[in-house]
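Peer 1: Sequential numbering from 0 applies to the sequence shown in numbering that gives the first Met the number 0.
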Amino acid sequence: MYTSEHLDKLYDIELVKRDIAQYSLLDSVEVLKSSFADFYSKELKVCPSCVKEDGLHKSVWQYTSTTVCEVHRTSLVNTANLLALDSCEEEQQETLLSFEVHLLSLSCSERELFANKLMTFAEYVFRPFDFITAKLKLREVSVAFLRSLFEDVYKLLCCKELIYVWEELILTHRENLNTMGVLVTHYGINELKAQIHSFNVISGTTLVCEAKRILLKYHDADFDTAIYVSTHRFDNGVDVNNVSFQVDGVMLSKFLGIHMKSIIYMAMQNTFTAVYLCKQPDKSFFDIQVVESLLSKAFVPSLNIQQTESFINISDIPKGIYDLFDLTIEELIDAAVSGQVDSQFKVNTTVSYVNHLLISEAGVKEVLKNKWQSMGDVKACDAIKMLKINSNVLNKLITEGYLVLTNDKSRIDADSIRDFVSNYLILNRKANFEKARSCEKRVTGCCKVEPIHQIYMSPKTTDFVLYNKADLNDCCMQQLQSRFTHFNQQKVDLSKDVITFQTK
Ligand SMILES: [Zn+2]
Ligand SMILES: [Zn+2]
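And the structure:
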């Protein structure tokens, strides 16, 4: 089986091209579509001895992971011209490497499995301390590069203490991220352990110092960035030591306990800069050191955390709150992370080491108040969301003069909405997080003040009740629960080593 690239290479050779045409040589040859081409090396690989004997190219050589000829037990070589191989001297052939010797000692079925696993594991070895495991385009590298990479991978797997050596090097490398917690510093180590475990360490012949040397070599080497799949990682230039601190949007979302949409929003607001930013968080790249330094500017470790109960986990704030104030969760998080309002960053909470962002109740109120005061004229659909009403009620409020349309009648005047909310009390289920009817009973029952409007949408529930605030006494107002009491209860945190960072 050949890819179209291979055929192009064959056609490049004039004699071959003529033979193919003359004898219809390729009529029974299957040409691979590009998606399958990933499994085959781009450059032609050959065993010089085989070619010398029968002059034929074997398709099995083209498998990306294949480096040896099983017949001659010799390594394959790259060639641009099959016919030129005749002049190749026998002594130029390389001796087999230890991984190739091991490979040839296996049965046919084991051989393929082993070669594929070496290829998978090579991606872990390549820049071994990075947060992102590099996807490699191994089909584009030379046989010589592939052999030296596989040999190093094999040597590593022959070190019994490999996982300990590797883990220690990773933790040393990420030392300056300790304040971000175990979730960050230990990221990927469990997956790595599982990978190593699946190989069942072939034999314990590699020394610890040798394993260390190989890992460091692959971490510091200045490799051609063209062999990586995700090229945007290098948009800031190729500083090998900086690349290792890059994370994608999905990782950063986990690290901060913040939804991915908010991560992208903050990068767009320049709260922090991204190495590469796009709408798909998994394809966006960030430098975790930059994020860490931003956090350390806004937050300091807090020893007295007695005020914890007045801090709200971002994910516990009900969606309805945002609608009421025409605020987005992204705006709120941006204010918290950049330290504009009091917030806490909790590291290593719960047994699975989760990090959370919390905002003080006062901070949330401040953001909501600012948003409310700076609000411009709103569209009818947004007014419906903010007041938790429907279009019938909205039209009624407009005809009765409670709300005012803008001159061009396209929007509702922002001041009229602000005046309305400060002078009138609306009760309904969505706005108060409880049934309007039970709310209404308590308020009306207190000093027997009747509402000025009631709209029933079904016989059992009152969906919209309106009081004039001037008619209500303080005691009546107190019959309403604070919206904040309806937020989800904080879960008990059983973890022992939570570090709380609070805004300065
Ligand atoms: Zn051969
Ligand atoms: Zn009262």
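Backbone N, C-alpha and C define an ideal beta-carbon position, used for all residues, glycine too.
(1) Any beta carbon from chain B within less than 7 Å of Gln288's own beta carbon?
(2) Any idea if Ala382 is buried or exposed, counting beta-carbon neighbours within 10 angstroms, 16 or more meaning buried?
(3) Taking any heavy atom of ligand 2 as the mark, which residues have a C-beta closer than 5 Å to it, listed down the chain?
(4) Work out the CA separation of Thr132 and Phe254 for me, nearest whole Å.
(5) What residue does the beta strand (DSSP E) around Tyr423 start on, and which one ends it?
(6) What are the start and end residues of the alpha helix (DSSP H) that includes His196?
(7) State the DSSP-derived secondary structure class of His218, mapped to helix, strand or coil.
(8) Going straight from the alpha carbon of Ile313 to that of Asn175, what length do you get?
(9) Mapping DSSP to helix, strand and coil, what is Asn369?
(10) Helix, strand or coil for His231 per DSSP?
(11) Taking any heavy atom of ligand 1 as the mark, which residues have a C-beta closer than 7 Å to it, listed down the chain?
(12) What are the uninterrupted segments assigned as beta strand (DSSP E) that are 3 or more residues long and contained completely in the region 330 to 357, given in chain order?
(13) Considering just the uninterrupted stretch of the beta strand (DSSP E) at Asn406, what are its terminal residues?
(14) Starting from the C-beta of Leu188, find all residues in its chain whose C-beta is less than 7 Å away, skip the five residues before and the five after it, and write them out in chain order.
(15) Take Ile213 as the anchor and find which of Glu291, Phe128 and Glu109 has the nearest alpha-carbon.
(16) Assign Pro280 to buried or exposed, taking buried as 16 or more other Cβ atoms, counted over all protein chains shown, within 10 Å of its Cβ.
(17) Would you call the CB atoms of Asp412 and Asp376 closer than 7 Å?
(18) Can you tell me where the alpha helix (DSSP H) holding Ile162 begins and where it ends?
(19) Can you say whether Met267 is buried or exposed, counting buried as having 16 or more other CB atoms within 10 angstroms of its CB?
(20) Excluding sequence positions up to five away, which residues of its chain have a Cβ less than 6 Å from the Cβ of Phe98?
(21) Pairing CB atoms from the region 37 to 44 with CB atoms from the region 60 to 70, are three or more of them under 8 Å?
(22) Is DSSP giving Val140 helix, strand or coil here?
(23) If we ignore side chains and look at the alpha-carbon of each, how far apart do Asp462 and Leu396 end up?
(24) Whose C-beta lies closer than 6 Å to the C-beta of Ser505 among residues of the same chain, with five residues either side of it excluded?
(25) In terms of alpha-carbon separation, which member of Ile257, Arg110 and Thr66 lies closest to Val336?
(26) Just verifying my parser: in three-state terms, what is the DSSP assignment at Leu326?
(27) Taking the CB atoms as reference points, tell me whether Gly338 and Ala297 lie closer together than 7 Å.
(28) With the cut-off set at 7 Å, would you say Leu161 and Ile201 are in Cβ contact?
(29) Which residue from Asn472, Phe419 and Glu329 puts its Cα closest to that of Gly444?
(30) Determine the contact status of Ala210 and Leu293, defining contact as a CB-CB distance below 7 Å.
(31) Is the region 315 to 328 touching the region 358 to 368 in the sense that three or more CB pairs, one from each, lie closer than 8 Å?
(32) Assuming Lys136 and Ser229 are in contact, meaning their beta carbons sit under 8 Å apart, how far apart are those beta carbons, in whole angstroms?
(33) Could you check which residue in Glu291, Ser390 and Asp418 has the C-alpha nearest to that of Val403?
(34) Among Thr66, Ser64 and His71, whose alpha-carbon lies nearest the alpha-carbon of Glu52?
(35) For Gln245, which residues in the same chain have their Cβ closer than 8 Å to its Cβ, ignoring the five residues on either side in sequence?
Peer 2: Here's the rundown:
(1) Structure shown: chain B not included; a single protein chain is present.
(2) Translated into the one-based positions of the sequence shown, residue 382 becomes position 383. Classification for Ala382: buried.
(3) The answer, residue by residue, is Cys445, Cys446, Asn472, Cys474 and Cys475.
(4) Mapped onto the sequence shown, residue 254 falls at position 255. Mapped onto the sequence shown, residue 132 falls at position 133. Taking the straight line joining both Cα atoms gives about 17 Å.
(5) Residue numbering aside, residue 423 sits at position 424 when the sequence shown is read from its first letter. Segment Tyr423 to Leu426, the beta strand (DSSP E) holding Tyr423.
(6) What you label residue 196 is simply residue 197 of the sequence shown in a count that begins at 1. Annotation: the continuous alpha helix (DSSP H) that includes His196 extends over Ile188 to Phe198.
(7) For this step, residue 218 is matched to residue 219 along the sequence shown. In the three-state reduction of the DSSP assignment, His218 falls in the helix class.
(8) Reading the sequence shown from its first residue, position 314 is the one you call residue 313. Reading the sequence shown from its first residue, position 176 is the one you call residue 175. Distance between the alpha carbons of Ile313 and Asn175 is about 27 Å.
(9) For the purposes of this step, residue 369 is taken as residue 370 along the sequence shown, with counting starting at 1. In the structure shown, Asn369 sits in a helix (DSSP, three-state: H, G or I).
(10) Position 232 of the sequence shown, counted from the first residue, corresponds to residue 231. The answer is helix: DSSP assigns His231 an H, G or I state.
(11) Listed along the chain, these residues meet the criterion: Cys46, Ser48, Cys49, Cys68, Val70, His71 and Thr73.
(12) Within the region 330 to 357, the complete beta strand (DSSP E) segments at least 3 residues long are 342 to 348, listed from N- to C-terminus.
(13) Along the sequence shown, one-based indexing puts residue 406 at 407. Looking at the DSSP string, Asn406 is not in any beta strand (DSSP E), and its letter there is neither H nor E.
(14) Working through the sequence shown from its first residue, we reach residue 188 at position 189. Reading the sequence as shown, one finds Ile at residue 188 and not Leu. Counting only Cβ-Cβ distances below 7 Å, and skipping sequence neighbours, we find Glu166 and Ile169.
(15) Position 214 of the sequence shown, counted from the first residue, corresponds to residue 213. Of the listed residues, the one whose Cα sits closest to Ile213 is Phe128.
(16) Counting from 1 along the sequence shown, the entry for residue 280 is found at position 281. So Pro280 ends up on the buried side.
(17) Looking up residue 412 in the sequence shown gives position 413. Looking up residue 376 in the sequence shown gives position 377. Yes. Within cutoff.
(18) Here the question's residue 162 lines up with position 163 in the sequence shown. Its alpha helix (DSSP H) spans residues Leu161 to His172.
(19) Counted from its first residue, the sequence shown places residue 267 at position 268. Label assigned to Met267: exposed.
(20) For the purposes of this step, residue 98 is identified with residue 99 of the sequence shown, where counting begins at 1. Contacts found: Phe149, Glu150 and Tyr153.
(21) At 8 Å Cβ cutoff, the stretches touch.
(22) Looking up residue 140 in the sequence shown gives position 141. The three-state reading of DSSP puts Val140 in coil, since its state is none of H, G, I, E or B.
(23) As a working mapping, residue 462 is identified with position 463 in the sequence shown. As a working mapping, residue 396 is identified with position 397 in the sequence shown. For Asp462 and Leu396, the gap between their C-alpha atoms comes out near 14 Å.
(24) Residue 505 falls outside the range modelled here, since the chain spans only 0 to 503, and no answer is possible.
(25) Here the question's residue 336 lines up with position 337 in the sequence shown. Selected option, being the one with the closest Cα: Ile257.
(26) Position 327 of the sequence shown, counted from the start, is the residue given in the question as residue 326. For Leu326, the three-state secondary structure derived from DSSP is coil.
(27) Within the sequence shown, residue 338 is the residue found at index 339, counting from 1. Within the sequence shown, residue 297 is the residue found at index 298, counting from 1. In this structure, the beta-carbon distance from Gly338 to Ala297 falls below 7 Å.
(28) As a working mapping, residue 161 is identified with position 162 in the sequence shown. As a working mapping, residue 201 is identified with position 202 in the sequence shown. It is not a contact, given that the beta carbons lie outside the stated cut-off.
(29) Taking the first residue of the sequence shown as 1, we reach residue 444 at position 445. Per the Cα distances, Asn472.
(30) Here residue 210 corresponds to residue number 211 of the sequence shown, with the count starting at 1. Here residue 293 corresponds to residue number 294 of the sequence shown, with the count starting at 1. No, the Cβ-Cβ distance between Ala210 and Leu293 is not below 7 Å.
(31) Touching, yes.
(32) Position 137 of the sequence shown, counted from the start, is the residue given in the question as residue 136. Position 230 of the sequence shown, counted from the start, is the residue given in the question as residue 229. That pair is no contact at about 11 Å.
(33) Position 404 of the sequence shown, counted from the start, is the residue given in the question as residue 403. Considering only alpha carbons, the answer is Asp418.
(34) Against the sequence shown, residue 52 aligns to sequence position 53. By alpha-carbon distance to Glu52, the top candidate from Thr66, Ser64 and His71 is His71.
(35) Walking along the sequence shown from the start, residue 245 turns up at place 246. In its chain, beyond the 5 residues on either side, Asp129, Phe130, Ile131, Arg232, Val274, Phe284, Phe285, Asp286 and Ile287 have a beta carbon closer than 8 Å to the beta carbon of Gln245.
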